[in-house]
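K.L.:
Handing you a structure now.
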Amino acid sequence: MSAQAPSSPGLFDCRDAYSRALEALAAADDRIVAVVNDSVGSSKLGKFRDRFPERLINVGIAEQNMVGVAAGLANGGKIPFVSGAACFLTARALEQIKADVAYSSANVKLCGISSGVAYGELGATHHSIEDLAWLRPMRGLTVIVPSDPWETAEAVKAAAASDQPTFIRISRMPVPELTHAAPFQIGKAEVMREGRDVAIIAVGTLVCRALAAAEQLAAEGVSARVINMATIAPLDEAAIVAAAADCGAIVTAEEHVVRGGLGGAVAEVTALNQPVPMRILGFDGFQPTGSAEWLMERAGLTAKGVAAAARDVVAKKIP
Amino acid sequence: MGALDARRKDAGDGRVERVRQRANWMRRRSLQMIYEAGQGHPGGDLSATDVLAALYFGVMRFDPAKPTAPDRDRFIMSKGHCTGALYTALAGAGFFPEAELTTYLQPNSRLNGHPNRTYLPGVETNTGPLGHGLPVAVGVAIAGQVDKADYRTFVLTGDGELQEGSMWEAAMLAGHRKLGNLTAIIDRNRLQQGARTEDTNALEPLADKWRAFGWEVVEIDGHDPAALLSVLDAPATPRDRPRCVIANTIKGYGISFMQDQAGWHHGVPNAEQYAQAQAELTSAKDHA
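Residue numbers (our numbering), protein chains in the order written: chain E, 1 to 319; chain C, 320 to 607.
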């Protein structure tokens, strides 16, 4: 996929889906509140604020306090959706996420906005490409990385309906609306394309690229299964074991560093259950300044890069 | 909420004496827990005990049979290491059997080294790392404000804990939002784990700092049940400012060799010291 402006036809900003879904939920359930850190605009919650001024709690630029306040709101019977830039929400308030939310089983929904390298030009301080590694090991914290606007809205609805603490990683990179055959279900992987030679497991902005890679591979006679692993925690281990057993090789792709994210999660499962050759596509460490798309291309996080990794791993399959 | 109201209104003359007696029992019992477990934080427990006794046995509205009732008053122990004070208060108030205090810090006990709400009824949020309780309390108070509910939220913070920036983030927001339903109590014993607060990163002028953040500030003797009750009693309606109670206390209060000694932050008495400490607490019970 080549670089495209957010306004390109057929491409969407998942934040719009997030804010629309949250507004609809709030209209139906007065327990829903939004908590922000001076991030009404970047979370696209202007309309929410206008409709529900009492239920938009802006704590100012104070992420640790924001997450603690959200835990308190949950204690007071609210269902808080906290949204702020993923880089600050996760890093700056990590201990609050651990102690006040995950360990306390507080019914808080954390929404990391503009995740991954969306803020490419702003530099590594503003890239959120370590967040999955930080949050994935926290038992009890559901971690969801939606792939498109529909799945973003479904994740928001599912999180509101669940009483589990949840992190939803929301991109602002333009993505197409994908075709989903099954309803969204927390903890359930979605096989978006069947295949037998290699399994490509992707999340978020990489799912559409994985599907495009599978098209390219099909033209060469390589049959690739594409799995959207929208829930990273709890992980659908059965889908991974089945992919390893059926296809014998796995490529993972994510807008995250190569250690500790989706690739690490999949490798943990295959190493213990069904070892197969793997390639983990992602970023290797702190990234330089540059547009999101430039950074993605540089790291091979493109349809072309995913297809190349698939060919490579197929060649390494154990006969 | 009739049954819950009754507890708050039980303001008869016996209340001060009841709080005093419960506090003395809490001190003796928490010291026993620490001695038997071989671990704990006696210094902070003993400085905070009177505050907790006033809240649980004189001020707060709750029903231990319904620990998550929506209209309960909340208490959040921001200084989460002081479990000796918290667990004896919760057991004394009926949230779990007093006999369970013997399991303190034992494998699989619900009585963790730091409080855990998923194990133990009455614990409102898991604390331990410092700087967490006030933000959570502010969130509870905002929920009450949005709902126009009449429950109150109390939070006890250490004074050394105020060196954490998150406390001031929360203090600023509470003042901004005029959280009249929130009371923060500072256990002002002037000692942190390793040294005096004023020698480490000085807090004074402490009252002025809170006032500057929009709080009403009251300074009291944190070991005086009558003073604590009068300050912590509920106002009829939410006021327009959160209240900060600077409770001047003594770390290791009630035990001659522990009082005002940083070394007893998490020290454990030997057999001889333990006997002496219990004797001092017992003899002091009538004139605390």
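C-beta atoms are modelled at their ideal positions from N, C-alpha and C, and glycine is treated no differently.
Keep in mind that this is a model prediction, so the values were computed, not measured.
Which chain D residues are close to ARG55 of chain E, counting only those with a beta carbon under 9 angstroms from its beta carbon?
P.N.:
In the structure shown, chain D cannot be found, because the protein chains are E and C.
K.L.:
Give me the DSSP bridge partner(s) of LEU475 of chain C.
P.N.:
By 1-based counting over the second sequence, the position of residue 475 of chain C is 156. In DSSP, LEU475 of chain C forms a bridge with C:MET396, C:ILE504.
K.L.:
Is the Cβ of GLU480 of chain C closer than 8 angstroms to any Cβ of chain E?
P.N.:
Residue 480 of chain C sits at position 161 when you count from the first residue of the second sequence. So, not an interface residue.
K.L.:
Within a Cβ cutoff of 8 angstroms, which residues of the same chain sit near LYS304 of chain E, ignoring the five residues on either side of it in sequence?
P.N.:
To locate residue 304 of chain E, count along the first sequence from 1; it is residue 304. So the qualifying residues of the chain are ALA213, GLN216.
K.L.:
Give a yes or no on whether the minimum CB-CB distance between ILE162 of chain E and chain C is below 8 angstroms.
P.N.:
Taking the first sequence and counting its residues from 1, one reaches residue 162 of chain E at position 162. Just to set this straight, residue 162 of chain E is Ser in the shown sequence, not Ile. It does not; no Cβ of chain C falls within 8 angstroms.
K.L.:
At a Cβ cut of 7 angstroms, what residues of the region 411 to 444 of chain C count as close to chain E, listed as they run along the chain?
P.N.:
Answer set for the region 411 to 444 of chain C: ARG436, THR437, GLU443, THR444.
K.L.:
How many Å lie between THR166 of chain E and GLU268 of chain E at the Cα?
P.N.:
Residue 166 of chain E sits at position 166 when you count from the first residue of the first sequence. Residue 268 of chain E sits at position 268 when you count from the first residue of the first sequence. Their backbone Cα atoms lie some 22 angstroms apart in a straight line.
K.L.:
Decide if the region 219 to 234 of chain E is in contact with the region 138 to 152 of chain E; the criterion is three or more beta carbon pairs, one per stretch, under 8 angstroms apart.
P.N.:
Yes, the region 219 to 234 of chain E is in contact with the region 138 to 152 of chain E.
K.L.:
Name the chain C residues whose beta carbon is nearer than 7 angstroms to that of ALA77 of chain E?
P.N.:
As a first step, residue 77 of chain E is located in the first sequence; it is residue number 77 there, counting from the start. The amino acid at residue 77 of chain E is misidentified as Ala; the sequence shows Gly. By Cβ distance, chain C contributes PRO389, ALA462.
K.L.:
Using the Cβ count rule (16 or more neighbours within 10 Å means buried), how would you classify ILE569 of chain C?
P.N.:
As a first step, residue 569 of chain C is located in the second sequence; it is residue number 250 there, counting from the start. It is buried - the Cβ of ILE569 of chain C has at least 16 other Cβ atoms within 10 Å.
K.L.:
Could you confirm whether any beta carbon from chain E is found closer than 8 angstroms to the beta carbon of GLU488 of chain C?
P.N.:
As a working mapping, residue 488 of chain C is identified with position 169 in the second sequence. Chain E contact via Cβ: present.
K.L.:
Between ARG15 of chain E and HIS126 of chain E, what straight-line distance do the alpha-carbon atoms span, to the nearest angstrom?
P.N.:
One-based indexing of the first sequence puts residue 15 of chain E at position 15. One-based indexing of the first sequence puts residue 126 of chain E at position 126. C-alpha separation (whole angstroms): 17 angstroms.
K.L.:
What span of residues does the alpha helix (DSSP H) with CYS14 of chain E cover, start to end?
P.N.:
For the purposes of this step, residue 14 of chain E is taken as residue 14 along the first sequence, with counting starting at 1. Segment 14 to 28, the alpha helix (DSSP H) holding CYS14 of chain E.
K.L.:
Using 8 angstroms as the limit for Cβ to Cβ distance, is LEU475 of chain C near chain E?
P.N.:
Taking the second sequence and counting its residues from 1, the one referred to as residue 475 of chain C is at position 156. Not one chain E Cβ lies under 8 angstroms of LEU475 of chain C.
K.L.:
From the DSSP output, read off the bridge partner residues of ASN273 of chain E.
P.N.:
Position 273 of the first sequence holds residue 273 of chain E. Looking at the DSSP assignment, ASN273 of chain E forms no beta bridge with any residue, so it has no partner.
K.L.:
Mapping the DSSP letters down to three states, classify ARG347 of chain C as helix, strand or coil.
P.N.:
Locating residue 347 of chain C in the second sequence gives position 28, where the first residue counts as 1. ARG347 of chain C: helix per DSSP, three-state reduction.
K.L.:
Can you tell me whether SER8 of chain E is helix, strand or coil according to DSSP?
P.N.:
In the first sequence, the residue the question calls residue 8 of chain E occupies position 8. It is coil, neither helix nor strand.
K.L.:
So that I know if they touch, is there some Cβ in chain E lying closer than 8 angstroms to that of ALA456 of chain C?
P.N.:
Looking up residue 456 of chain C in the second sequence gives position 137. Cβ-Cβ to chain E under 8 angstroms: yes for ALA456 of chain C.
K.L.:
What three-state label does DSSP hand PRO426 of chain C in the structure shown?
P.N.:
Residue mapping note: residue 426 of chain C aligns to position 107 of the second sequence, counting from 1. Three-state DSSP puts PRO426 of chain C in coil, outside helix and strand.
K.L.:
To the nearest whole angstrom, what separates the beta carbons of GLU480 of chain C and LEU449 of chain C, a pair I think is in contact under 8 angstroms?
P.N.:
Numbered from its first residue, the second sequence carries residue 480 of chain C at position 161. Numbered from its first residue, the second sequence carries residue 449 of chain C at position 130. Yes, GLU480 of chain C and LEU449 of chain C are in contact; Cβ-Cβ is about 4 angstroms, under 8 angstroms.
K.L.:
Should ASP324 of chain C be flagged as near chain E, meaning a C-beta pair shorter than 8 angstroms?
P.N.:
In the second sequence, the residue the question calls residue 324 of chain C occupies position 5. In this predicted model, ASP324 of chain C has a pLDDT of only 44, less than 50, meaning its place in the structure is not dependable; the value taken from the coordinates is given anyway. Not an interface residue.
K.L.:
Could you tell me the distance, in whole angstroms, from the CA atom of ALA608 of chain C to the CA atom of THR422 of chain C?
P.N.:
As displayed, chain C neither begins before 320 nor continues past 607, which places residue 608 of chain C out of reach and without an answer.
K.L.:
With DSSP collapsed to three states, give me the class of CYS563 of chain C.
P.N.:
As a working note, residue 563 of chain C is residue 244 in the second sequence. In the structure shown, CYS563 of chain C sits in a strand (DSSP, three-state: E or B).
K.L.:
Quick check on DSSP: helix, strand or coil for ASP382 of chain C?
P.N.:
On the second sequence, residue 382 of chain C is found 63 positions in, with the first residue counted as 1. Coil at ASP382 of chain C, not helix or strand.
K.L.:
Could you tell me which residues DSSP puts in a beta bridge with PRO80 of chain E?
P.N.:
Numbered from 1 along the first sequence, position 80 holds the residue referred to as residue 80 of chain E. Per DSSP, E:VAL33.
K.L.:
Here's the rule I'm using: 16 or more other beta-carbon atoms within 10 Å means buried, otherwise exposed. How should ASP364 of chain C be labelled?
P.N.:
As a first step, residue 364 of chain C must be located in the second sequence, where it is residue number 45. It is buried - the Cβ of ASP364 of chain C has at least 16 other Cβ atoms within 10 Å.
K.L.:
Answer yes or no: does any C-beta atom of chain C fall closer than 8 angstroms to that of TYR103 of chain E?
P.N.:
By one-based count along the first sequence, residue 103 of chain E stands at place 103. Chain C, which has a Cβ nearer than 8 angstroms to the Cβ of TYR103 of chain E, makes this yes.
K.L.:
Considering only residues of the same chain and omitting the five flanking positions on each side of GLY321 of chain C, which have a CB-CB separation below 7 angstroms?
P.N.:
Locating residue 321 of chain C in the second sequence gives position 2, where the first residue counts as 1. Reliability of the predicted coordinates at GLY321 of chain C is poor, the pLDDT of 38 falling under 50, and the value obtained from them is presented with this limitation in mind. Once the five neighbours on either side are set aside, GLY321 of chain C has no close Cβ partner at all.
K.L.:
Keeping to the same chain, check which residues put their C-beta closer than 8 angstroms to that of SER485 of chain C; ignore five residues upstream and five downstream.
P.N.:
The count along the second sequence starts at 1 and reaches residue 485 of chain C at position 166. Closer than 8 angstroms at the Cβ level, and outside the excluded window around SER485 of chain C, lie GLY450, HIS451, LEU453, PRO454.
K.L.:
Under 9 angstroms Cβ-Cβ, which residues of chain C neighbour GLY60 of chain E?
P.N.:
Position 60 of the first sequence holds residue 60 of chain E. Neighbours of GLY60 of chain E on chain C, chain order: GLU488, MET491, LEU492, HIS495.
K.L.:
Report the option in E:LEU132, E:ARG169, E:MET138, E:PRO9 whose CA atom is closest to the CA atom of PHE81 of chain E.
P.N.:
Indexing the first sequence from 1 puts residue 81 of chain E at position 81. That would be E:ARG169, whose Cα lies nearest to the Cα of PHE81 of chain E.
K.L.:
Based on Cα-Cα distance, which residue from C:ARG507, C:ARG560, C:LYS528 lies nearest to ILE539 of chain C?
P.N.:
Translated into positions along the second sequence, residue 539 of chain C becomes position 220. Of C:ARG507, C:ARG560, C:LYS528, the residue nearest in Cα terms is C:ARG507.
K.L.:
Could you tell me which chain E residues have their CB closer than 8 angstroms to the CB of HIS451 of chain C, listed as they occur along the chain?
P.N.:
Walking along the second sequence from the start, residue 451 of chain C turns up at place 132. Under the 8 angstroms cutoff, chain E gives GLY68, GLU95, GLN96, ALA99, ASP100.
K.L.:
Identify, in the order they occur along the chain, each residue of the same chain with its Cβ nearer than 6 angstroms to the Cβ of VAL101 of chain E, setting aside the five sequence neighbours on each side.
P.N.:
The residue you call residue 101 of chain E lines up with position 101 of the first sequence. Excluding residues within five positions, the ones whose Cβ falls inside 6 angstroms are ALA71, VAL108, PRO165.
K.L.:
Which residues of the region 557 to 588 of chain C have a Cβ closer than 8 angstroms to any Cβ of chain E? Give them in chain order.
P.N.:
Hits within the stretch: zero.
K.L.:
Quick check: the Cα distance between LEU132 of chain E and HIS256 of chain E, rounded to an integer number of angstroms?
P.N.:
Numbered from its first residue, the first sequence carries residue 132 of chain E at position 132. Numbered from its first residue, the first sequence carries residue 256 of chain E at position 256. Between LEU132 of chain E and HIS256 of chain E, the C-alpha separation is close to 7 angstroms.
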